[in-house]
Amino acid sequence: MPRVRINLEPHRDQIREWLEDEGLTQEEVVAQLASRHGIRIAARTMRRFLTAAGIGTALRYEDDHELRRRILNFHYMVQCSDKESIAMLALDGFEVSQRRLQRMRLAMGLKQRSRGACRAEMDTRMREALDQEMEQGHIEDFGKMHLYQYMRSQYNIAGRERLYRIVRDRYPEVVEPRRQKAKRHRGKIIVPGPLYSLSMDGHCKLEKWGIQIYAAIDVYSRHIVWIYIGITGRSQVSVLAQYLATAKHKGVIPLLIRADRGAETCLAAAAHFALSQQARTKADGTPLTISDAFRPGTSKENVSIEVWWNQQTRSTLGRWRQYFDTLNDADLYVRDRLADRLAFLAVYIPIIRTESLDFVQVWNHHPIRKQKGDHIISGRPYQMYNYPELSSGIACGVPVDQEALDRMIADVIGFDLDEYLPAHTKQWCDEELIALGFEGLDGRQFLPDRKTRRHQVAYLQLRDHVQAHINAGNEAVLDECPRPTDPTKFWRANAPLRQAMANLYEANVAAGRPLDLDMDPVDFRERDANGEAHNEDDREYARLRRDLLLHANEADNVDENAERRQELERQIQETEDAGEVAVLWEELEHTQQQLHFMNNHGPEYIEAFLQD
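Written out as C-alpha cells, the structure reads:
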C-alpha cells in the first residue's frame, strides 16, 4: 500500500510565522506540527517542503548592511581570520557560523588566499602595484607587516610571504638596510589591559615649518587612540580639546596618563585628574592623588609613544622632513615670508594629515608578532584595544561622568582642532589651487616628466599668487590664524577648569613636585584684569621663579642624562648604519643641551637673581 502523502500547504503561513517571526528551528517546527495538529513528519520532509515553498530558515544576514560593513572592515583593515572575525562579531551581537561567514565573504569577493591560475595573476598584480608604490616613494620604509597590511587594504592582495619574497627579489636595496639596522633593548612595561595607561606626547620635527603633531597611544595594545596634525600641538587648550573629544567619543577615560613635563599637558592633566576623582577612588576608599591619575616624566620614561614616533618617522614623516629641508636649502621656503607660510600650510597640512591618518590605520590593524619577552602582548592593536577578551586582557577604562565632561567640553567648544588657516584665507587658497589645476593633491602624484611632484609645483605657484595678492593690496586680506588662547586666561575664565587646576596644584604641592609652571601663585603688588603683574620686575621675578620650579622638577634627572650620554656615545661607535647614527647624534645633542642647562642654570644661579 503506498505511503499517504502529507499536505503541508494549509499550514504554510503558520510554518513561515514560526520560522521567520518566532525564530524556531526546523526541529521545533516539526515538534509543533505533531503536538498541535497531529502531523508527524520527518526532518527531511520538512526541508523538502521549505525548499519548494521558498521559505528560508537561515537568518537573512545577506540583507544586514551593518554585518556586511563589519565583514568588509575585518577583511580589509583588521585582516583577521574567519575564526577571529566570528569571535569579534559575537562580542558585537552577531551570531554567525564559520560556514555562513565564509559563504558571505566569498559572495562579496573577499578572498584570503589564491590558488592555481589565480596565484600567477595575483603575483602579477603584486609586481605592478609594488612598482607603482615604489616609484612614488610611499612604501620603501615599510616593514614586513606594515607593507602587507597596506598592500592588502589598498589592492586586496593575498599572500604575505609571496609579497615579501617579490620585494626582496626586486628591491634588495630597500630591504637590506632594514635587516642590518641595530636593535635597541628597552625595559619592560607591564599593564593588565587597554586604557590602564595612556602615553601621550608631541612630535616637534616639523615644527619649524609650522606643522605640529600630537598623539596618544594605549600602552597595552599599542593602539593609537588619537593623532592631531595642525598648528596648535604645543597649545594647552589644543591638547585639552583632544583629550576631551576622545573621552566623549569613548565614554571612558584611562586609569593613568603618562606624558612629558611640557607645559602643553597642564590643562589636560587637570581635566583628567578632576574627572578621575569623580569617577573612582583608591582600592582602600581614600581619594586619588595626582600620581594615581597623571604621571609626568622624561621622554625615556614615556617610552611607548616615543617608540611609535620613531616608527612613524621612518615610515612617513622622515622623508617629508628631508624634503622640507631641501626647500629651505634652495630658498624655496623662507620662514619670515608670509606668502611662504600661507602657501605651505594650504598645500602640505592636508597631505600630511592624510598620510599620517593612513599610517595610523595601517599601524592599528597590523599584527604584532610574538616576542621573546612574555610582557609583550602579540596581536593586532585594534583587536586588543576594542576586544581585550580575545587577548586575555582586562578592559580598564573608567566610565566618565558625562555631566562633568560636558561642562568642560562647553568651555572649549569654540576651539577648532581642524583649523590651520582662517576660513577666508583657506577658501581663497583652495580656489586658487583649483584654478591652477591642483585639486585633490596628495604626496604621490608626479607631473608627466615623472621627476617633479605635483605638490611642489602647486606650492610654488600658490606662493607666487599669494605674494602677488599681498603686493596688490587687495581688500581681501590674507593672514594667519591668531595665536592660541593664553592658557592662564582660559582656565581662569572657566569655572570647571579653574577648579580642576586648583585641585591639580594642591595635589602637586602635597606630592612635593609642582607640575604646572604657571599655577604657582606669586603675590604681585599690582595685577591687571587677568591677574597678571603690571610691573616688569614682578613679571621677571615670576619667570625666574618658574625656572626654579622647572629645575626642581628636572634636577633629579642630571645623573640619568649623564648615563644616557655615555650610552649614546657607545652606540654611535658600534653602529654602522648611517641613518641610525644620525638619530643617535640628534638625541645625544639634546641630552648634552639638557646637561649644559642644568649645570649652568641651577638653583644657585636662579636664586641669585631672586635675591637681587
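Read in my numbering, the sequence shown has 614 at position 606, and its numbers run on one by one without any break.
Glycine residues also receive a C-beta, built at the ideal position from the N, C-alpha and C atoms.
For residue i: DSSP bridge partner residues
{"i": "PHE302", "result": "ILE265"}
{"i": "ASP226", "result": "LEU206"}
{"i": "GLY387", "result": "ILE376"}
{"i": "ARG173", "result": "Partner(s): none; ARG173 has no beta bridge."}
Local conformation of residue i per DSSP, three classes
{"i": "GLY326", "result": "helix"}
{"i": "SER205", "result": "strand"}
{"i": "HIS211", "result": "strand"}
{"i": "ILE478", "result": "helix"}
{"i": "VAL406", "result": "strand"}
{"i": "GLY288", "result": "It should be noted that the sequence gives Arg, not Gly, for residue 288. ARG288: coil per DSSP, three-state reduction."}
{"i": "MET134", "result": "helix"}
{"i": "GLU30", "result": "coil"}
{"i": "ASN394", "result": "helix"}
{"i": "GLU447", "result": "coil"}
{"i": "THR334", "result": "helix"}
{"i": "TYR179", "result": "coil"}
{"i": "LEU58", "result": "helix"}
{"i": "LYS119", "result": "coil"}
{"i": "THR273", "result": "helix"}
{"i": "GLU427", "result": "coil"}
{"i": "TYR467", "result": "helix"}
{"i": "GLU141", "result": "helix"}
{"i": "ASN15", "result": "coil"}
{"i": "THR294", "result": "coil"}
{"i": "TYR341", "result": "coil"}
{"i": "ARG491", "result": "coil"}
{"i": "GLU103", "result": "coil"}
{"i": "PHE281", "result": "helix"}
{"i": "ALA128", "result": "helix"}
{"i": "ALA484", "result": "coil"}
{"i": "SER43", "result": "helix"}
N- and C-terminal bounds of the alpha helix (DSSP H) containing residue i
{"i": "SER93", "result": "90 to 99"}
{"i": "ALA412", "result": "410 to 420"}
{"i": "ILE360", "result": "346 to 373"}
{"i": "ARG76", "result": "73 to 81"}
{"i": "THR254", "result": "244 to 258"}
{"i": "ILE63", "result": "Run containing ILE63: none; DSSP gives neither H nor E here."}
{"i": "ALA115", "result": "106 to 115"}
{"i": "GLU314", "result": "311 to 320"}
{"i": "GLN22", "result": "20 to 24"}
Terminal residues of the beta strand (DSSP E) in which residue i lies
{"i": "ILE49", "result": "Element bounds for ILE49: n/a, residue is neither H nor E."}
{"i": "TRP217", "result": "Segment: none, TRP217 is in no beta strand (DSSP E) and carries neither H nor E."}
{"i": "TRP234", "result": "232 to 238"}
Exposed unless 16 or more other CB atoms sit within 10 angstroms - verdict on residue i
{"i": "GLY210", "result": "buried"}
{"i": "ASP333", "result": "exposed"}
{"i": "ASN482", "result": "exposed"}
{"i": "VAL247", "result": "buried"}
{"i": "PRO304", "result": "buried"}
{"i": "HIS231", "result": "buried"}
{"i": "LEU206", "result": "buried"}
{"i": "ALA39", "result": "exposed"}
{"i": "ARG269", "result": "buried"}
{"i": "ALA267", "result": "buried"}
{"i": "ASP226", "result": "buried"}
{"i": "VAL37", "result": "buried"}
{"i": "VAL104", "result": "buried"}
{"i": "PRO202", "result": "buried"}
{"i": "GLU272", "result": "buried"}
{"i": "MET130", "result": "buried"}
{"i": "ASN318", "result": "exposed"}
{"i": "ILE14", "result": "exposed"}
{"i": "THR433", "result": "buried"}
{"i": "ALA351", "result": "buried"}
{"i": "VAL355", "result": "buried"}
Any non-hydrogen atom of the ligand ATP within 7 Å of residue i CB
{"i": "LEU118", "result": "The model depicted lacks the ligand ATP and carries no ligand whatsoever."}
Cβ distance (whole Å) where residue i is taken to contact residue j below 8 Å
{"i": "PHE150", "j": "SER323", "result": "6 Å"}
{"i": "GLN250", "j": "LEU470", "result": "In fact, because the Cβ distance is near 29 Å, the residues do not count as touching under 8 Å."}
{"i": "LEU296", "j": "TYR204", "result": "In fact, because the Cβ distance is near 15 Å, the residues do not count as touching under 8 Å."}
{"i": "TYR172", "j": "MET142", "result": "No, TYR172 and MET142 are not in contact; Cβ-Cβ is about 14 Å, not under 8 Å."}
{"i": "ILE235", "j": "CYS489", "result": "Actually they are not in contact, since the Cβ atoms of ILE235 and CYS489 sit about 20 Å apart, beyond 8 Å."}
{"i": "HIS280", "j": "ALA253", "result": "With a Cβ gap of about 13 Å, HIS280 and ALA253 do not count as contacting."}
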